[in-house]
Structure formats: C-alpha cells, structure tokens
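Heads up, the thing below is written out as structure tokens.
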DNA sequence: TCCGGCCTGAAAAGAAAGTTTCAGGAATCC
DNA sequence: GGATTCCTGAAACTTTCTTTTCAGGCCGGA
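Protein chains in written order, with my numbering: chain C, 175 to 464; chain G, 175 to 464.
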C-alpha cells in the first residue's frame, strides 16, 4: 500500500475514473472551490452543483466514506489542520530540565496563557484604552486588589514616569472615599480585579463610574463584575498548575499598555523621562551600568 | 454602533458579561480551542463542554445568531477566510491586530525573552534555590529596588500565604539596618535587582552575606553585582521595544519559584492555605466565584 | 426500432440535529 | 430564614438532513 492517509482531494483524483457524469459535476465543483464547496449540508452542496442529493451520497461512498457526515468531517479536519498547522510549535523550553519538571509544565502553561490572552485582545479597544490612559487632561487613578496590589504598584511606578497627575490608591479601602471625593469627569481609573473578586473594588468602580470617571479594567478570563461599568475591559488567562492564579499575562498586558501609552505621547514623555534620569543620578542612589 | 462585522470571538467577548456560568463554560472551551470546538453538531459540541444542548442554543442566540446552524456557518466562514486569506498571517498571536501594531511587536519580544530566560535556568540550581526558600527553619526576607519593589511585594504576598516567617523589607532603605540586625545564619534573603543596579541594595547584600544569610538573587541578563555574594543567581531577559525594561520574565521566574516552593511543602502548605481562605471568607470582603 | 443496462433524481422513510417547554434546584435578595 | 428570581438540563417536539427506494429516461448495441 502506498497512501495510508489521503486527502479528499487525492481520493477524488484516484477514483475519478469510476465516477459518473453528474458525480463528476460535483467533484469538479469541489475541486475548484476546495474545500468550501463541500462544507455545507448534503442538500445545499448538491444544490450548488445542480445535482441531486443521492448523487452526492453515492459519490461519497465511492470515495470510501461510510456516509456524508464522515466525508464532511474529513474536509473539516483538513481545513483545521491547515490553519493550526505549522504554528503549533511546542519547543521544549527549559532546555535541559527533565520532561515532567515543574519548570517545563510551568513554561507550557504560561505560553498558553500568553497566547490566549493575546489572541483575545481587541486591538481597537486596546488603542482606545491606551488613548484614555495617555490623556493628561484628567487624573489617572490606579488601584488593585489583595494580590493585584503589586501590579497596581508596578503600573503606578511606570505611569508616574511617563505622565503627570497619577495617583496610586492604596490597598486600604478605608481611604478610598477621599479619592472618590476628588474624582471628576474626565478622570481615568485603572483597575485590576482577578478572582476572587472583591466587593469593595466593585463598589469603588460603581461610585467612580457615577462620577463620570472612565474605567479601564484588567481582569481574568472569567471577568470581574466590574466589567459592567467599565469603559474598557481586558481579559487575561491566568491558570497554571498551582493552587493560585498566575499574573504573568496580566503583567504582560499591563506592560504593553504602558509601552503603548509612552509611544503615543513620546514627545512629551521623552523630556520627562530624561529629567527623571538626571534626578535619580543626582541622588546617587543608583549607579549606571552601561 | 461601531462594529458591523464581528468575529464570533469578538461577539463572545462583547457579550461575555451577559453569559451565565455554564454558557461561559462552553464559551471558554471555544475560545481556548478556536474555532475547532464549535464546528461539530450542537449535541457533540455541548457534550464536549459538558453542558446541555439548550445551554449552547441559548448562548448562541445571545450572541445574536438566529440558530445554531447560523452560528456554525459563521465559524466556518472565518476558518475559510483564514486559510484563503492574505498569505497566512504571522503566528496567530494578536490575531486581528495589524502587522506592525505594537501588540505584535511586543508579543514577539516577550516570547523571545521568556524563551531565553527559560533556557538559561539551571534546573538543579532552581531546585536548590527553591529548597532554600522552602526552609522554614530560618526567616525569609524579601526585598526589591525602585522598580522591582512591586515584584518583591508580589513575592511577599504569595510566600506569606504558603509559609511562615516571611518579612517584606520596605523600599525605604533607611529601615534596612533594623532588619539586618535581626538576621542570623540560616535565614534567606530573596533579592530583586535589575539595572540600573542600586548601590544600597548591594550594601545590604554584603551585610546580609557576612551574617551568614543565603541570598537568592533574581536579576537581569547582565547580572547585578550582587551576584558575587549570592548563593543562587538567576538571570531574566528583559529587553522590549521601549525605553524601559520588561519584568515579565522576572515575574515568570518568580511565579515558578513560588509554585515550586509550594509543591515542595504542599502537606504543610495546604492546611495553611485552607485556613487563610476561611479567614478571607470571614471578612466578607471577597466573594467566591465558582 | 427495440431491448437491456445503467444513470438520475423525486419522494418516502429513517436518522440526526436543533428548538422549545418545563420542572427542579441553586443562588440571591429581602 | 423564607420568597423570589434565575439558571439548568431532561424530555418532548419540530425541523432539517441523510439515506434508501424506485420509476423514468437516456444510451448503445443488435
């Protein structure tokens, strides 16, 4: 035997001689418009080729399929394979680590998460959110939950470097009302909320929203309830082999936003950045490396 | 409104908030395995997601399709378009974002960084460092620099959950002498230091080292000078298209360490974790999701 | 021209697929 | 803690698809 797994296309060529006239009519149409012309129901497909359904059914059996549904599935599989095909890189990352080593399992999970997260970002929405974050007319507030507090902190540190009027709302929710008091329309609130979603964050979001503050929400794949009042919501995939959730993709999204914000307003930013550098140098707390 | 022709993926994202729990179960499966998970019959598709057919039918209608068959066709069209489309797009990632969009450049850089970082981890050293971090005989101190403070904070939050005797040394270096005073042999110091390396972090490392404290250092690819006194050093690749350095791979390494630490002492950890959960529940500040 | 074999598609029968209804049950709200 | 709302899937029902049957018709050969 020569060909264990044949494509439908090959099957048709092989059996073309044994096909009748109207069967060929369909076969030709399929080959010309492959595989789209074979993906609908047998009725429709037959209609398009202007033959009857029994004709198609018979032909499909000649090709070796037990029924039209199986033929249909075969076409689908081919199509799928084409799409996911060469992209399916499973490079073994942590090179020398043993197969089942946590490092490798972890690498796999993280890669998947990043990929998922990336493919679920709507770039238009991303751009819009960045535009909002770059708007220095209003003040930018940053806040996170129990775990994401660290991310909020990270965001604050960077945003503070590239724009003015940034406030980090501390994790102690007792102080939040003071901040809310000062919020006005045109301000922006960057929130982090991953499961287990925190009710006081939600209340904060509602209050801010009522005051006309635009909320940019970074949450997990299951979406915090805050999404309902947020202007822009982004979902990050967070599952890893552990009892808690990963924030790598969250961090990635955040960094992407910071980078984009900086790019959007680089003319203004650059100067600010340079001056900041000088200041840090002057304090002699930091040593330049290269 | 803004988007006349949406992909199914976008539709799901837009309507995610209005989906019920089991509808989301299916939605998630579809997003994770897109679009293959939506190409079979409603019965099969529902079975795979372990929900009932009505659930899928309802969801599909929420997305705006008049019936499952239409939804099915929409997915097919997308798949076809992808295959025949403009010269097979670059590695799926930020799927619909334009070629030169920052998101795509960013994704590329991050992937490279992670790959580099991973392949440069010596798994034996990793295991050794983890063992050190899991050692509850001594105290675990965590400290970071100007930017990495957030990472140190993140590390602290997690380590605190899985072991006792953890201290976060605040970023104000004025307070560090007090901590050093209490350090004894057998203690561990987890440090983050990326460029531009900070001299007071280095001095801290030296002092701690003299007192017999084992230092686990997480630094960048150029290595902080602290490496010379550290017991275990790990390098993370940090370059991205921006004026500053990325900490995604740093975060990744950190999370891997936390996960490994937890795994190493899961019997002790588990109980602590559960009790912590209960406590958070009791404060009523958090709401459980599923 | 007539005969016999073979295609072909209309239509019925059969099999899935998809939709709707509805009651039990979980979650939530007061 | 009880009432209420909303979610969920079993099951009946409807629609659509697929297969099979079968009669009409085309074609080549005598």
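C-beta: ideal position from N, C-alpha, C; glycine also.
Contact of residue 415 (chain G) with chain C is assigned, a C-beta pair being separated by under 8 angstroms. Using a 10 angstroms sphere on the CB of residue 336 (chain C), the tally of other CB atoms reaches 16 or more, which defines it as buried. Contact note: residue 327 (chain C) reaches chain G through 323, 324, 327, using a C-beta cutoff of 8 angstroms and chain order. Rounded to whole angstroms, the Cβ separation of residue 406 (chain G) and residue 290 (chain G) is 19 angstroms, and the two are not in contact under 8 angstroms.
DSSP places residue 315 (chain C) in the strand class (E or B) of the three-state scheme.
Proximity of residue 350 (chain C) to chain G, defined by a Cβ-Cβ separation below 8 angstroms, is not satisfied.
Pairing residue 377 (chain C) with residue 431 (chain C), the inter-Cα distance amounts to about 25 angstroms. Counting only Cβ-Cβ distances below 7 angstroms, residue 281 (chain G) has contacts in chain C at 292, in chain order. The stretch 412-421 of chain G makes no contact with the stretch 304-319 of chain G: fewer than 3 CB pairs, one atom from each, lie closer than 8 angstroms. With respect to residue 326 (chain G), residue 352 (chain G) sits apart: the two C-beta atoms are not nearer than 8 angstroms. Taking C-beta atoms under 8 angstroms as the contact rule, residue 389 (chain C) and residue 366 (chain C) fail to qualify, at a distance of about 11 angstroms.
Residue pairing from DSSP places residue 362 (chain G) in a beta bridge opposite G:314, G:388. Under the Cβ criterion of 8 angstroms, residue 361 (chain C) is not counted among the residues facing chain G. By the rule that beta-carbons nearer than 8 angstroms mark a contact, residue 380 (chain G) does not touch chain C. For the 8 angstroms CB-CB criterion, residue 302 (chain C) and residue 438 (chain C) do not form a contact.
Within the same chain, and ignoring the five residues on either side of residue 181 (chain G) in sequence, the residues whose Cβ sits closer than 7 angstroms to its Cβ are 252. For residue 447 (chain G), the nearest CB of chain C lies under 8 angstroms from its own CB, placing it at the interface with that chain. For residue 340 (chain C), the three-state secondary structure derived from DSSP is strand. Among the CB atoms of chain G, none fall inside 8 angstroms of the CB of residue 317 (chain C). Following the DSSP letters along the chain, one finds residue 305 (chain C) in no beta strand (DSSP E) but inside the alpha helix (DSSP H) bounded by residues 297-308. In this structure, the CA atom of residue 282 (chain G) is about 11 angstroms from the CA atom of residue 288 (chain C). Contact annotation for residue 332 (chain G) against chain C: 321, 418 [CB-CB distance below 9 angstroms, chain order]. Below the 7 angstroms Cβ cutoff, chain G contributes no neighbours of residue 239 (chain C), its closest Cβ being approximately 17 angstroms away.
Collapsing the DSSP output to three states places residue 409 (chain G) in a strand. As far as DSSP is concerned, residue 429 (chain C) takes part in no beta bridge. With respect to chain G, the C-beta atom of residue 300 (chain C) has a partner C-beta closer than 8 angstroms. The three-state reading of DSSP puts residue 372 (chain G) in strand, counting E and B together. Not a single C-beta of chain C is nearer than 8 angstroms to the C-beta of residue 385 (chain G). By the rule that beta-carbons nearer than 8 angstroms mark a contact, residue 295 (chain C) touches chain G. Think of a sphere of 8 angstroms around the beta carbon of residue 275 (chain G): the chain C residues whose beta carbon falls inside it are 297, in chain order. Within the DSSP bridge table, the entry for residue 393 (chain C) names C:367, C:409 as partners. Interface with chain G (8 angstroms Cβ-Cβ cutoff): residue 207 (chain C) is excluded. C-alpha of residue 230 (chain C) to C-alpha of residue 322 (chain C): approximately 58 angstroms in a straight line. In the assembly as shown, residue 238 (chain C) is an exposed residue. Its beta-carbon has fewer than 16 other beta-carbons within 10 Å. Excluding the 5 residues flanking it on each side, residue 386 (chain C) has same chain C-beta neighbours closer than 6 angstroms at 359, in chain order. For residue 346 (chain C), the secondary structure class from DSSP, reduced to helix, strand or coil, is coil.
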